[in-house]
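For what it's worth, full-length UniProt numbering labels the leading residue of the sequence shown as 1, then goes sequentially. Note that CB positions come from ideal geometry on N, CA and C, so glycine has one too.
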Amino acid sequence: MIKVEHISKQFGSLKALDDVSLEVSKGEIVCLLGPSGSGKSTLIRAINGLETPESGKIYFEGEEYDKNNAAKYHQQRLKMGFVFQHFNLFPNMTVLENLTLAQIRVKKVDEKQAKDTAMRYLTRVGLSDKRDEYPNKLSGGQKQRVAIARSLCMNPDIMLFDEPTSALDPEMVEEVLEVMQSLGKEGMTMIIVTHEMGFARTVADRVVFLEDGHIVEENEAEAFFSHPQSERAQLFLSKVM
Ligand code: ADP
Ligand code: MG
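This is the structure in structure tokens:
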């Protein structure tokens, strides 16, 4: 579903990604792990087209990203959901409006259908009673579940998450992870940047460990956590677990 081939991305003199390659198959759940500054966000943002690598190629569902082919590029990006650490809900809109806006404006779905879809996914994340609330009336965990529901309304083929629980109070982390886990069980392809090691260990099929813009180690999740191969991964795990 995703193929990243030898991408590099520099910010000034800093190499945020240095010759990174990665493949993710349909239905797979891949967690990106690594210390702060290792390039996780840059990688997942490049996969979503939010960063443009200087070199290398990215393919989505077999087709290369090509920003010069704007129509196709737009269609490709529509099939990816992206959930951010800080939710990015529209504060001046109700929950329901947050969920219908892109469906109506971007996908040209009619309002009735957009609302039906929105209510279906709001119910899915356990928040159908919040449809008429504004985001500032919701807890962090509720906001993030709304953000996930909003992404799902666009019927994505893959969901990308960049530290979806890092901004949450500890007691709200679980409710968001549960929604993500249930999505995985239904076969959603997901790439997840996370510091939740327990979640990565139980939910991920595969773990990709980055440091200094490189993939240092990549393995099936249980194998990675029980027998990390590289010294850097061993050190990282000894600090976070
Ligand atoms: P991570 O998500 O693993 O913490 P990032 O991908 O955000 O790491 O960052 C990798 C490196 O690139 C870091 O050193 C970071 O400071 C740098 N970086 C990321 N985005 C930018 C940017 N927009 N401008 C300059 N430097 C950046
Ligand atoms: Mg990051």
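Residue 50 and residue 44 have their C-alpha atoms some 9 angstroms from each other. A direct Cα-Cα distance of roughly 32 angstroms separates residue 17 from residue 106. For residue 21, the enclosing beta strand (DSSP E) stretches over residues 14-24. If you draw a straight line from the Cα of residue 167 to the Cα of residue 179, it is about 16 angstroms long. Around the beta carbon of residue 42, 16 or more other beta carbons sit within 10 angstroms, so the residue counts as buried.
For the 7 angstroms CB-CB criterion, residue 217 and residue 233 form a contact. Residue 196 and residue 136 have their C-alpha atoms roughly 26 angstroms apart. Straight through space, the alpha carbons of residue 152 and residue 87 are spaced by roughly 14 angstroms. For residue 49, the shortest separation between its Cβ and any heavy atom of the ligand ADP does not lie below 6 angstroms. Between the C-alpha atoms of residue 26 and residue 186 there is a straight-line separation of about 12 angstroms. Between the region 141-155 and the region 86-103 there are three or more inter-stretch CB-CB distances shorter than 8 angstroms, so the stretches are counted as touching. Environment of the ligand ADP, chain-ordered: 11, 14, 16, 34, 36, 37, 38, 39, 40, 41, 42, taking every residue with Cβ within less than 6 angstroms of a heavy atom.
Assignment of residue 150 by DSSP, reduced to helix, strand and coil, places it in the helix class. Nearest C-alpha to residue 236 among 11, 19, 34: 34. A Cβ-Cβ contact shorter than 7 angstroms links residue 200 with residue 207. Taking a contact to require three or more Cβ pairs closer than 8 angstroms, the region 72-89 and the region 139-151 qualify as touching. Separation of the CB atoms of residue 191 and residue 58 is rounded to 12 angstroms, and the pair is thereby denied contact status at 8 angstroms. Taking all protein chains shown into account, residue 98 has 16 or more neighbouring C-beta atoms within 10 Å of its C-beta and is therefore buried. Judged by DSSP secondary structure, residue 10 falls within the beta strand (DSSP E) whose first and last residues are 2-11. Residue 172 places its beta carbon 7 angstroms or farther from that of residue 198. With a minimum length of 4 residues, the unbroken runs of alpha helix (DSSP H) contained wholly in the region 125-199 fall at 140-152, 170-185.
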